[in-house]
């Protein structure tokens with residue numbers, strides 16, 4: 006039986022009287038590369054913030070690799086690596102210093118962290134810029150460094166919230182290659198995006214969201230086959246072209 | 002609460018501040034300009050010893066508010082606060098790390114501004130200047146703790162920079178008034194033991210405010 010890495014049950018989130026998530030339920034299995042798509046305001050980012058422990062649902066339960074996000078935040082945070090359009094990097098620190106700081110927050114052993122930082126900087130092709138201030142980096146370089154930050158503590162689940170926003174084509178392709186490479190090592194990937202092309206490059210499963218609800222979920226190829234249409238047409242039909 | 006995390010957060014902030022000097026330059030410049038204004042306004046009068054400790058606190062109050070609140074606001078503006086919250090850092094370590102950074106920053110400012118104030122205002126110090134420095138430091142530590150905690154509490158408010166002084170002044174007033182009194186006494190020749198009750202009050206206030214801050218900070222960080 007395949008293990009559920011993310012299990013969302015009947016999650017509701019309200020901001021004042023505005024219901025942003027309305028009884029969302031979803032299961033993402035180990036090794037899945039899963040996309041959460043929807044138009045702006047669909048509730049993707051709110052759901053991602055809940056999964057990342059940055060926000061709490063008003064009702065419902067969320068389990069990350071069996072850890073409850075409300076009761077076991079520390080373990081949940083060890084299981085996930087998050088990247089968004091915001092890099093979470095300090096521009097006045099060097100690439101090396103940024104990763105060292107985050108390794109300290111993850112309570113990593115100093116020698117082990119140093120080795121891992123070297124290895125990751127090489128992987129994201131920033132070894133030669135390790136001692137340069139992040140403020141001098143291009144957007145693409147920052148996002149690559151952000152990937153290194155995300156996987157520094159070797160999380161099982163990678164949560165990507167519109168990660169390619171603002172990247173040029175070349176940086177975007179490098180970014181996709183790194184994510185695909187990480188997925189091939191067995192990591193579970195959850196991508197929140199409104200870019201259908203990105204979805205098709207990175208993911209094999211999806212859920213379409215609109216107005217805080219999951220409208221459709223399943224295997225990308227199966228959905229396309231069942232509907233006999235392109236993903237874009239299905240998306241437009243379901244979301245009313247919002 | 003973990004010492005390693007507290008030190009990591011304070012070290013990171015100090016490294017960034019002393020490298021980029023986003024805040025410290027403004028704090029020093031503001032303090033210096035205010036000293037010069039006071040110096041010109043008071044002239045060669047002998048009321049400096051009467052009002053000096055109050056004026057000195059006025060400088061640190063505004064300088065402190067300018068700099069201390071930035072520790073959290075900068076993280077919020079950069080989006081890095083979420084980066085810290087995504088890691089398994091308990092909120093209490095984050096708060097104490099920020100307080101430690103602010104304490105060291107304020108100590109640095111105090112070490113430069115206090116002697117300048119004495120010299121430029123031609124303050125006739127009768128007592129031990131080191132004792133006066135110690136008394137002022139105690140008061141400033143209390144101020145830093147309250148200001149750091151409150152700046153975190155108003156983080157999610159749109160008008161946070163306007164809101165902070167409004168809620169800070171009533172809470173910080175007891176420390177400031179006691180500290181001004183103690184500082185004036187020590188500069189005027191009293192010993193540390195003569196202002197022992199004032200120092201006990203400041204310490205107790207500091208401990209209470211730190212405890213309340215640690216207990217409530219977790220909720221201030223939530224969406």
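Chains as they are written, first to last, in my numbering: chain E, 6 to 247; chain X, 2 to 224. For each residue, glycine too, the CB sits at the ideal point set by N, CA and C. What you are looking at is a predicted structure, and each value in this text was computed from that prediction instead of being measured.
Asked, Found
"Any beta carbon from chain E within less than 8 Å of residue 92 of chain X's own beta carbon?", "no"
"Taking the alpha-carbon positions, what's the residue 155 of chain X to residue 19 of chain E distance?", "21 Å"
"Give a yes or no on whether the minimum CB-CB distance between residue 78 of chain X and chain E is below 8 Å.", "no"
"If you count every other CB in all the chains shown that lies within 10 Å of the CB of residue 129 of chain E, and 16 or more means buried, which is it?", "buried"
"Mind reading off the beta-carbon distance from residue 14 of chain E to residue 66 of chain E? Whole number of angstroms is fine, and I expect it under 8 Å.", "5 Å"
"Does any CB atom of chain X fall closer than 8 Å to the CB of residue 77 of chain E?", "no"
"So for residue 86 of chain E, helix, strand or coil by DSSP?", "strand"
"In chain order, what residues of the region 179-193 of chain X put their CB closer than 7 Å to some CB of chain E?", "none"
"Can the beta-carbon of residue 10 of chain X be found less than 8 Å from the beta-carbon of residue 98 of chain X?", "yes"
"I'd like to know if residue 97 of chain E contacts chain X, where contact means its C-beta is closer than 8 Å to some C-beta of that chain.", "yes"
"Is it the case that the region 24-43 of chain E contacts the region 73-85 of chain E, given that we only count it when at least three CB pairs across the two stretches are under 8 Å?", "no"
"Applying the 10 Å Cβ sphere with the 16-neighbour rule, what's the burial state of residue 212 of chain X?", "exposed"
"Helix, strand or coil, according to DSSP, for residue 25 of chain E in the structure here?", "strand"
"Taking residue 66 of chain X as the query, report the chain E residues whose CB atoms sit under 9 Å from its CB, ordered along the chain.", "Chain E residues near residue 66 of chain X: none, gap ~22 Å exceeds 9 Å."
"Check whether the Cβ atoms of residue 188 of chain X and residue 46 of chain X lie closer than 8 Å to each other.", "no"
"Please name the residue, chosen from E/158, E/192, E/242, that lies closest to residue 8 of chain E on a Cα-to-Cα basis.", "E/192"
"For a contact meaning CB atoms closer than 8 Å, what does residue 180 of chain E contact in chain X?", "Here the premise fails: no neighbours, minimum Cβ distance about 18 Å."
"Would the region 161-181 of chain X and the region 123-135 of chain X be scored as touching if the rule is three or more Cβ pairs under 8 Å?", "no"
"Looking at the secondary structure, which residues open and close the alpha helix (DSSP H) in which residue 7 of chain E lies?", "Segment: none, residue 7 of chain E is in no alpha helix (DSSP H) and carries neither H nor E."
"To the nearest angstrom, how far is the alpha carbon of residue 152 of chain E from that of residue 7 of chain X?", "25 Å"
"Taking the C-alpha atoms as reference points, what is the distance between residue 172 of chain X and residue 147 of chain X?", "8 Å"
"Using a Cβ cut-off of 9 Å, which residues of the region 55-75 of chain E contact any Cβ in chain X, in chain order?", "57, 58, 59, 60, 61"
"Of the residues X/222, X/84, X/66, which one's Cα is nearest the Cα of residue 24 of chain X?", "X/66"
"Under three-state DSSP, which class holds residue 28 of chain X?", "helix"
"Please determine, among E/140, E/110, E/62, E/22, the residue with the shortest C-alpha to C-alpha distance to residue 86 of chain X.", "E/110"
"Looking at C-beta atoms only, is the number of pairs between the region 135-146 of chain E and the region 26-44 of chain X that lie closer than 8 Å three or more?", "no"
"Could you give the first and the last residue of the continuous beta strand (DSSP E) run that contains residue 66 of chain E?", "64-69"
"Take the Cβ of residue 22 of chain X as the centre, count every other Cβ of all protein chains shown within 10 Å, and call the residue buried at 16 or more, exposed below.", "exposed"
"Let me make sure I understand the geometry here. Which of E/207, E/220, E/238 has the alpha-carbon closest to that of residue 36 of chain E?", "E/207"
"When the Cα of residue 5 of chain E is compared with those of E/117, E/171, E/195, which residue comes out closest?", "This structure cannot settle anything about residue 5 of chain E, because the visible part of chain E is limited to 6 through 247."
"Taking Cβ-Cβ distances below 8 Å as the criterion, which residues of the region 99-110 of chain E are in contact with chain X?", "102, 106, 107, 109, 110"
"With respect to the beta strand (DSSP E) encompassing residue 223 of chain E, which residues constitute its N-terminal and C-terminal limits?", "218-224"
"Is the beta carbon of residue 26 of chain E closer than 8 Å to that of residue 46 of chain E?", "no"
"Does the CB of residue 82 of chain E have a neighbour CB from chain X at under 8 Å?", "yes"
"Roughly how many angstroms lie between the CA atoms of residue 82 of chain X and residue 170 of chain E, to the nearest whole one?", "20 Å"
"For the putative contact between residue 168 of chain E and residue 88 of chain E, defined by C-beta atoms under 8 Å, what is the C-beta separation to the nearest angstrom?", "5 Å"
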